[in-house]
Structure formats: structure tokens, C-alpha cells
Amino acid sequence: MRTCIVCDTEIDLEAARSTTGQTTHGADEVDPDAGTRSFYNGEWYYFCGLQCRNNFLAAPTNYVS
Ligand SMILES: [Zn+2]
Numbered sequence: 000m001r002t003c004i005v006c007d008t009e010i011d012l013e014a015a016r017s018t019t020g021q022t023t024h025g026a027d028e029v030d031p032d033a034g035t036r037s038f039y040n041g042e043w044y045y046f047c048g049l050q051c052r053n054n055f056l057a058a059p060t061n062y063v064s
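If you read the sequence shown in numbering that gives the first Met the number 0, its first letter stands for residue 0, the second for the next number, and so on.
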């Protein structure tokens, strides 16, 4: 079980990966309320939602050493 790197909430990876559809450009879309992720510095980081992802992306070095 992964936890949100920002707030330590447990994340259901299947839910975070499950697609809800595709964008008009053909990219997979996921439900951001079920969990989301971001690729940073060669690794995927998982978040419980968009707010935590935004916090991470604003200052990733606060969370990754
Ligand atoms: Zn979180």
C-alpha cells in the first residue's frame, strides 16, 4: 500500500491508476479524487488528490530528499 507523500493518507493504487476515460488528445484520464500521481526525478509519486499533488509540485524538495 502506497501512502500520499504529502499527507500520509493510504492510497488505493488500483483506483489511482484506473482510467475514467481519455482526453481529446488520447491520453488516459484518471479520477483525481481517487488518487493521482506525478513523475518526478525518475520516480512515480502518489498523492491522495489534486491538492496534495499541487503542494508537492510547488516544492518537491520539501518531500523528496
Ligand atoms: Zn495527501
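Here a beta-carbon is modelled for each residue, glycine too, at the ideal position from N, C-alpha and C.
- Query: Under the three-state reduction of DSSP, which class applies to THR8: helix, strand or coil?
  - Reply: coil
- Item | Own chain partners of CYS51 with C-beta closer than 6 Å, once the 5 adjacent residues on each side are dropped | CYS3, VAL5 and CYS6
- Message: Using a Cβ-based criterion (distance less than 6 Å to any ligand heavy atom), does VAL63 qualify as near ligand 1?
- Response: no
- Straight-line gap, ASP27 to THR35 (C-alpha atoms, nearest Å): 12 Å
- Message: Within a Cβ cutoff of 6 Å, which residues of the same chain sit near THR59, ignoring the five residues on either side of it in sequence?
- Response: Residue 59 is actually Pro in this sequence, not Thr. If we look at PRO59 and ignore the five residues flanking it on each side, its Cβ neighbours are TYR39.
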